[in-house]
Amino acid sequence: MFLNTKAIKRFFRRGRPGPFTHGAKDSFILHTGNAILGGAEQFDYATTRGKIVFSVFAAALAIFVQEAFFNDLRIFGTKPNILLALLVLISMSSDGTFSMFLGLFSGLAVDISLGRYIGFYGLIYMYFCIITAAVVRPAFKGKMVFYISSGPVFITLYTLVEGFGARFLSLYASRAPVLYEDFFGHLLYRTLPSSLYTYVVYLALLVPVTYALGKLGRGRRKAIDFRG
Amino acid sequence: MNKRTQITLFALTVITILLVVSIVVSASPNGDFNALYRIAGTPVTLITNGFRKAATGISDWFSYVTSYNSVKAELEELREKNAEIPVLEDEKERLILETNELRRMLDFDDYSSDYNLLPAQIVAEDVTDWFNTFTVDRGVNDGVKRGATVIAPEGLVGIVTEEGLGSSKILTIVDEDNAFMCRVSRTNELVRVRGVSNEKMVYELRVDRLSSTTSVQVGDNIVTAESGGVFPQGVMVGTVKSVSIDRESGITTALVEPAVDLTLLSKVFIMIDR
Chain A
0 MFLNTKAIKR
10 FFRRGRPGPF
20 THGAKDSFIL
30 HTGNAILGGA
40 EQFDYATTRG
50 KIVFSVFAAA
60 LAIFVQEAFF
70 NDLRIFGTKP
80 NILLALLVLI
90 SMSSDGTFSM
100 FLGLFSGLAV
110 DISLGRYIGF
120 YGLIYMYFCI
130 ITAAVVRPAF
140 KGKMVFYISS
150 GPVFITLYTL
160 VEGFGARFLS
170 LYASRAPVLY
180 EDFFGHLLYR
190 TLPSSLYTYV
200 VYLALLVPVT
210 YALGKLGRGR
220 RKAIDFRG
Chain B
0 MNKRTQITLF
10 ALTVITILLV
20 VSIVVSASPN
30 GDFNALYRIA
40 GTPVTLITNG
50 FRKAATGISD
60 WFSYVTSYNS
70 VKAELEELRE
80 KNAEIPVLED
90 EKERLILETN
100 ELRRMLDFDD
110 YSSDYNLLPA
120 QIVAEDVTDW
130 FNTFTVDRGV
140 NDGVKRGATV
150 IAPEGLVGIV
160 TEEGLGSSKI
170 LTIVDEDNAF
180 MCRVSRTNEL
190 VRVRGVSNEK
200 MVYELRVDRL
210 SSTTSVQVGD
220 NIVTAESGGV
230 FPQGVMVGTV
240 KSVSIDRESG
250 ITTALVEPAV
260 DLTLLSKVFI
270 MIDR
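Written as structure tokens, this is what we have:
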């Protein structure tokens, strides 16, 4: 069942905590997340056939949807990266090896069909997925608040690394005179807006993707534990 | 460290080396992965095109539903304009004949007489906008060749860098890899124009070989020159939006705003040799 009625009842019985409530146990986000995601179980990192099929299909769909819709949804010239948002979510809920291959093949698909340098996106998506999975697995333990709060960190770091890689390649291959003409301008006008926009997409995908991955996990799963 | 981890680390190292080699090869001037693109690029482009058409169809359907009255008014207006078409057709024929006659008399030849313009739809863009490329739905089967010039009604767009069976990749003029010779329309001065880093999401060109006695000024139009060797002569490139002199070196540079707004582009023309 998508809505966990018990969690909703518990949420209302305890009363909605105010914005200055201390302690993760009673925070508004945790209880709301618990109520909305009640049907999902704690994230199971093990790779199952269902997870593989879902992830590959979702990544392919993300590439096509990105090209069909998101190029036209620019705000101040910036567009979100739906594939990146999806890869962060899947890597957070999967083991390192699977994340590595998903990042590699998603990146290569982008490189071959839409990119300019074969291997560029393959390399950075692969390492990005490995690092995300490696950091999240021991630290997060399926806690909703970490998934919400760490999203901007991962996405901004990725955008910075991608920008550096792209500029480095320009310097090496395209006769660019300098690495950055204006690094802080680059940060302000490109990295941060792009990261913020991608984070909005990440938040929109958070519930459906984690719900699906939770359902597709292996064996008997524990009840969700969103309490800090 | 267990055996599984060792195998994973070994695979990671091998894949990393292969990817780095692949990047270096594809970034070098002689690097060629076009065969790979021909196999993999076309199906992706076809599917993307299908998604895009579906998205456009849905969007159009909603716009018809929500703007019925304005569509009706537009229909009436178009009916009235249609009535004028036969007269305009006659006028167009007359002007074409007159233009050709004048060109023949002046022995004047421009790019439009040497090329067929193949219309193409943009079906995909670089995911992150870093590499100033996009993909169109025309390829080898339509006669597209690598190095073909791509234009829009407003002016120059870029060049074909990879051609698949039913799709091609275009590198736009604002990329730093593009440097080509142009002329200032007003003074006929020969200048070199090149793309500028888009690290701040600004798409512009730089004129970086201006002589110390240059008279280039803001508002001047820049067109491709005959000596560039990359693009045909006389295609509109853009308009000078600022001119600056470096006090230390004394070098004058100008920034050019492209005639074509590359962020709003959806259709282009590929110039095919006749």
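The listed protein sequences derive, respectively, from chains A and B.
Note that the first sequence covers residues 0 to 227 in numbering that gives the first Met the number 0.
Note that the second sequence covers residues 0 to 273 in numbering that gives the first Met the number 0.
Glycine included, every Cβ here is placed at the ideal spot set by N, Cα and C.
In angstroms, rounded to a whole number, what distance separates the CA positions of residue i and residue j?
i, j, result
"GLY157(B)", "THR47(B)", "22 Å"
"LEU170(A)", "VAL239(B)", "26 Å"
"LEU88(A)", "ALA57(A)", "11 Å"
"SER193(A)", "VAL152(A)", "13 Å"
"LYS221(A)", "LEU212(A)", "Unreliable positioning characterises LYS221(A) in this predicted model, as indicated by a pLDDT of 40, which lies under 50. The coordinate reading is nonetheless provided below. Their Cα atoms are separated by approximately 14 Å."
"LEU215(A)", "SER54(A)", "10 Å"
"ILE172(B)", "VAL255(B)", "11 Å"
"ASN70(A)", "GLY138(B)", "22 Å"
"TYR188(A)", "LEU85(A)", "23 Å"
"ALA224(B)", "GLY142(B)", "25 Å"
"TYR36(B)", "ASP136(B)", "14 Å"
"ARG208(B)", "MET180(B)", "10 Å"
"ASP219(B)", "ILE117(A)", "39 Å"
"MET270(B)", "ARG93(B)", "25 Å"
"LEU264(B)", "ARG48(A)", "41 Å"
"ALA132(A)", "PHE104(A)", "16 Å"
"LEU195(A)", "LEU74(B)", "42 Å"
"TYR114(B)", "ASN99(B)", "15 Å"
With a cut-off of 8 Å, does the C-beta of residue i fall near any C-beta of chain A?
i, result
"ARG145(B)", "no"
"LEU35(B)", "yes"
"ILE169(B)", "no"
"THR337(B)", "Outside the modelled stretch of chain B, which goes from 0 to 273, sits residue 337(B), for which no answer is possible."
"GLY249(B)", "no"
"ARG51(B)", "yes"
"LYS240(B)", "no"
"GLU203(B)", "no"
"VAL151(B)", "In the sequence as displayed, the identity of residue 151(B) is Ala instead of Val. Cβ-Cβ to chain A under 8 Å: no for ALA151(B)."
"VAL139(B)", "no"
"GLU225(B)", "no"
"ALA54(B)", "yes"
For a test of the three-state rule: what should DSSP assign to residue i, helix, strand or coil?
i, result
"ILE244(B)", "strand"
"LEU170(B)", "strand"
"SER26(A)", "Low local confidence applies: a pLDDT of 41 at SER26(A) is under 50, so the model's placement there is unreliable, and no value is given."
"ASP204(B)", "Looking at the sequence itself, residue 204(B) is Leu, so the reference to Asp does not match. If DSSP states are grouped into helix, strand and coil, LEU204(B) belongs with the strands."
"ASN115(B)", "strand"
"LEU268(B)", "The sequence shown places Phe at residue 268(B), not Leu. In this structure, PHE268(B) counts as strand in the three-state DSSP scheme."
"THR251(B)", "strand"
"HIS21(A)", "Because HIS21(A) carries a pLDDT of 35, less than 50, the predicted location of this residue cannot be relied on, and the following value inherits that uncertainty. Residue state, collapsed to three classes: coil."
"PRO42(B)", "helix"
"ALA123(B)", "strand"
"THR197(A)", "helix"
"VAL156(B)", "strand"
"ILE57(B)", "helix"
"THR212(B)", "coil"
"PRO207(A)", "helix"
"ILE117(A)", "coil"
"LEU189(B)", "strand"
If you check the beta carbons only, do residue i and residue j fall under 8 Å apart?
i, j, result
"ASP110(A)", "ALA45(A)", "no"
"PHE230(B)", "LEU117(B)", "no"
"MET125(A)", "GLY150(A)", "no"
"SER92(A)", "CYS128(A)", "no"
"SER166(B)", "GLY40(B)", "yes"
"ILE81(A)", "GLY106(A)", "no"
"PHE133(B)", "ILE95(B)", "no"
"ARG115(A)", "GLU198(B)", "no"
"ARG73(A)", "THR262(B)", "yes"
"VAL159(B)", "ALA147(B)", "yes"
"THR127(B)", "GLU66(A)", "no"
"ARG193(B)", "ARG205(B)", "yes"
"ILE235(B)", "ALA258(B)", "A quick correction: the sequence has Met, not Ile, at residue 235(B). It is a contact, given that the beta carbons lie within the stated cut-off."
"ASP89(B)", "ASN131(B)", "no"
Please check if any C-beta of chain B sits within less than 8 Å of the C-beta of residue i.
i, result
"ASN80(A)", "yes"
"PHE68(A)", "yes"
"LEU101(A)", "no"
"GLY38(A)", "Residue confidence is low: GLY38(A) scores 37 on pLDDT, short of 50, so the model does not pin down where it sits. No coordinate-derived value is stated."
"ARG115(A)", "yes"
"TYR210(A)", "no"
"PRO16(A)", "Caution applies to PRO16(A), whose pLDDT of 36 falls short of 50 and renders its modelled position unreliable; the model cannot decide the point."
"ILE28(A)", "Any reading at ILE28(A) must be qualified, since the residue scores a pLDDT of 46, below 50, and its modelled position is unreliable; the value itself is stated next. So no, ILE28(A) is outside the interface."
"ALA45(A)", "no"
Just to confirm, does residue i get its C-beta within under 7 Å of one of the non-hydrogen atoms of the ligand GDP?
i, result
"ARG51(B)", "The ligand GDP is not part of this structure, which contains no ligands at all."
Members of the region 120 to 133 of chain B that neighbour chain A once the beta carbon cut-off is set at 9 Å: Cβ contacts with chain A come from ILE121, VAL122, ALA123, GLU124, ASP125, VAL126, THR127, ASP128, TRP129, PHE130, ASN131, THR132, PHE133.
Residues within the region 13 to 24 of chain B neighbouring chain A, beta-carbon criterion of under 9 Å: Interface annotation for the region 13 to 24 of chain B against chain A: ILE14, THR15, LEU17, LEU18, VAL19, VAL20, SER21, ILE22, VAL23, VAL24, criterion Cβ-Cβ distance under 9 Å.
Where the region 196 to 223 of chain B meets chain A: residues whose CB sits under 7 Å from a CB there: Only SER196, GLU198, LYS199, MET200 from the region 196 to 223 of chain B bring a Cβ to less than 7 Å from some Cβ of chain A.
Short of 9 Å Cβ to Cβ, which residues in the region 110 to 134 of chain A face chain B? Going along the region 110 to 134 of chain A in chain order, one finds ASP110, ILE111, SER112, LEU113, GLY114, ARG115, TYR116, ILE117, GLY118, PHE119, TYR120, GLY121, LEU122, MET125, TYR126, ILE129 with a Cβ nearer than 9 Å to chain B.
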